[in-house]
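Q:
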Amino acid sequence: MYKIISNKIIREFAPSFHSTNGYTHETEELPILEWVDKYRLIGRPETIFCPEEFINEREEYIIWLLCREEYMADRDLRLFAVWCAREAFKLLDNVDERSLRVVYMADKFAKGLATAEEMEEAQAAADLAVLSGTMFGEYIAKAAAGTAKAIAGDAAGAAREAAEDAAAGEAVERMAKLDILLNSKENAFMGYGPGAANPYEIGKEAREKVRSAQVDKLITYFLNY
């Protein structure tokens with residue numbers, strides 16, 4: 004596995020990548036944690052070098068970059084996906100038992116305590132939970148079901164998708180709650196004008212908060228590498 008991050012390595016995953024604004028040098032090679040610490044908070048998101056699709060997503064870019072077998076062991080990728088799903092569960096008062104079970108089984112599978120057959124059975128049930136989910140509950144169910152992708156050898160995809168769905172679930176949940184408030188009879192005078200609460204901005208802030216927490220968790224796995 005790679006122990007450093009460099010422009011050359013990033014281009015293996017994103018051939019169109021280019022650095023901008025003088026923040027990086029083509030010859031720069033930094034240990035993973037040092038790179039994250041240096042570039043995670045530097046400047047504004049749009050000035051950070053990254054593939055174009057992540058130009059405004061600082062934390063998302065780090066997750067995209069590091070959640071792959073070139074940087075993390077399969078076990079850690081699976082456990083990170085499990086952590087993301089369990090954090091998302093905190094948004095719901097009642098989590099579907101099928102979602103709870105697939106994450107439980109994913110955790111056991113990552114630790115060598117469950118079989119592929121047991122995981123496949125749990126995943127099939129978890130996929131039905133996604134179809135029956137409503138509003139942000141659907142995203143939470145997707146985050147849970149996504150943890151099972153590891154059985155197909157796609158631990159990296161499981162980690163990235165669980166992180167994405169968990170962040171989306173938080174954003175949609177916050178947006179939904181605020182939208183209900185704004186449209187309630189008592190708050191009918193409130194709107195989305197200057198100074199007013201905007202569900203989309205609230206959702207964006209919530210998503211960014213979740214992504215930041217995910218990166219905090221993600222970098223702990225590199226303490227042992």
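Per our numbering, the very first residue in the sequence shown carries number 4; after that it's consecutive. Glycine residues also receive a C-beta, built at the ideal position from the N, C-alpha and C atoms.
1. Taking the C-alpha atoms as reference points, what is the distance between Val-39 and Asp-99?
2. Near Asp-77, which residues of its chain fall below 6 Å by C-beta distance, leaving aside the five closest residues on each side in sequence?
3. How big is the Cα-Cα spacing for Arg-36 and Ile-222?
4. Could you give the C-beta distance for Ala-91 and Ala-169, rounded to a whole number, given that I count them as a contact under 8 Å?
5. Under 7 Å from any heavy atom of the ligand COA, does the C-beta of Arg-104 make it?
6. Where are the alpha helix (DSSP H) runs, 4 residues long or more, that stay fully inside the stretch 109-170, in chain order?
7. On a CA-only basis, which of Lys-212, Tyr-5, Leu-103, Arg-163 is nearest Ala-1? Give me that one, please.
8. Quick one: is Ala-84 buried, meaning 16 or more other Cβ sit within 10 Å of its Cβ, or exposed?
9. Going by other Cβ atoms of all chains shown within 10 Å of its Cβ, with 16 needed for buried, is Arg-101 buried or exposed?
10. Going by beta carbon distance, what residues of the same chain come within less than 6 Å of Arg-71, once the five residues before and after it are set aside?
11. What is the DSSP secondary structure of Glu-15, counted as helix, strand or coil?
12. Going by the CB atoms, is the gap between Leu-82 and Ala-113 shorter than 8 Å?
13. Sorted by chain position, which residues of the same chain lie with C-beta nearer than 8 Å to Glu-32's C-beta, five sequence neighbours on each side aside?
14. Return the first residue and the last residue of the beta strand (DSSP E) that Glu-32 is part of.
15. Measure the Cβ-Cβ separation of Ala-146 and Ala-109 and say whether it is below 8 Å.
16. Take Arg-61 as the anchor and find which of Tyr-107, Asp-79, Val-218 has the nearest alpha-carbon.
17. In chain order, what residues of the same chain have a beta carbon less than 7 Å from the beta carbon of Val-106, not counting five sequence neighbours either side?
18. Could you round the C-beta distance between Tyr-74 and Met-4 to whole angstroms and report it? I think they count as a contact, below 8 Å.
19. Hey, would you say Ala-1 sits closer than 8 Å to Lys-207, going by beta carbons?
20. Applying the 10 Å Cβ sphere with the 16-neighbour rule, what's the burial state of Arg-14?
21. Measuring only the C-alpha atoms, how far is Leu-116 from Asp-79?
22. Could you tell me which residues DSSP puts in a beta bridge with Ser-9?
A: Per the coordinate set shown:
1. What you label residue 39 is simply residue 36 of the sequence shown in a count that begins at 1. What you label residue 99 is simply residue 96 of the sequence shown in a count that begins at 1. Approximately 36 Å between the Cα atoms of the pair.
2. Along the sequence shown, read from residue 1 onward, the residue named residue 77 stands at position 74. Closer than 6 Å at Cβ, skipping near neighbours: Ala-158.
3. Counting from one through the sequence shown, the residue named residue 36 turns up at place 33. Counting from one through the sequence shown, the residue named residue 222 turns up at place 219. The amino acid occupying residue 36 in the given sequence is Leu; Arg does not appear at that position. If you take the alpha carbons of Leu-36 and Ile-222, they lie about 7 Å apart.
4. Against the sequence shown, residue 91 aligns to sequence position 88. Against the sequence shown, residue 169 aligns to sequence position 166. Confirmed, Cβ separation roughly 4 Å.
5. With respect to small molecules bound, the structure shown includes none, and the ligand COA cannot be examined in it.
6. 119-135, 139-149
7. Residue 1 is absent from the model: the chain starts at 4 and stops at 228.
8. Along the sequence shown, read from residue 1 onward, the residue named residue 84 stands at position 81. The residue in question, Ala-84, is buried, as its Cβ has 16 or more Cβ neighbours within 10 Å.
9. The residue you call residue 101 lines up with position 98 of the sequence shown. Buried, because 16 or more other Cβ atoms sit within 10 Å of the Cβ of Arg-101.
10. Taking the sequence shown and counting its residues from 1, the one referred to as residue 71 is at position 68. Closer than 6 Å at Cβ, skipping near neighbours: Ala-159.
11. As a first step, residue 15 must be located in the sequence shown, where it is residue number 12. DSSP places Glu-15 in helix when its eight states are reduced to three.
12. Residue mapping note: residue 113 aligns to position 110 of the sequence shown, counting from 1. Residue mapping note: residue 82 aligns to position 79 of the sequence shown, counting from 1. In contact: Ala-113 and Leu-82 (Cβ atoms closer than 8 Å).
13. Indexing the sequence shown from 1 puts residue 32 at position 29. Ile-7, Ile-8, Ser-9, listed in sequence order.
14. Position 29 of the sequence shown holds residue 32. Where Glu-32 is concerned, the enclosing beta strand (DSSP E) stretches over 32-34.
15. Your numbering for residue 146 matches position 143 in the sequence shown. Your numbering for residue 109 matches position 106 in the sequence shown. Their beta carbons are not under 8 Å apart, which means Ala-146 does not touch Ala-109 by this criterion.
16. Taking the sequence shown and counting its residues from 1, one reaches residue 61 at position 58. Minimum Cα distance to Arg-61 is reached at Val-218.
17. As a first step, residue 106 must be located in the sequence shown, where it is residue number 103. These residues qualify, in order along the chain: Val-85, Ala-88, Arg-89, Ala-147, Thr-150.
18. Walking along the sequence shown from the start, residue 74 turns up at place 71. Walking along the sequence shown from the start, residue 4 turns up at place 1. Indeed they touch by this definition, with Cβ atoms about 6 Å apart.
19. As displayed, the chain neither begins before 4 nor continues past 228, which places residue 1 out of reach and without an answer.
20. Working through the sequence shown from its first residue, we reach residue 14 at position 11. Result: exposed.
21. By one-based count along the sequence shown, residue 116 stands at place 113. By one-based count along the sequence shown, residue 79 stands at place 76. Cα to Cα, Leu-116 sits roughly 15 Å from Asp-79.
22. The residue you call residue 9 lines up with position 6 of the sequence shown. The partner list for Ser-9 (beta bridge, DSSP) reads Glu-32.
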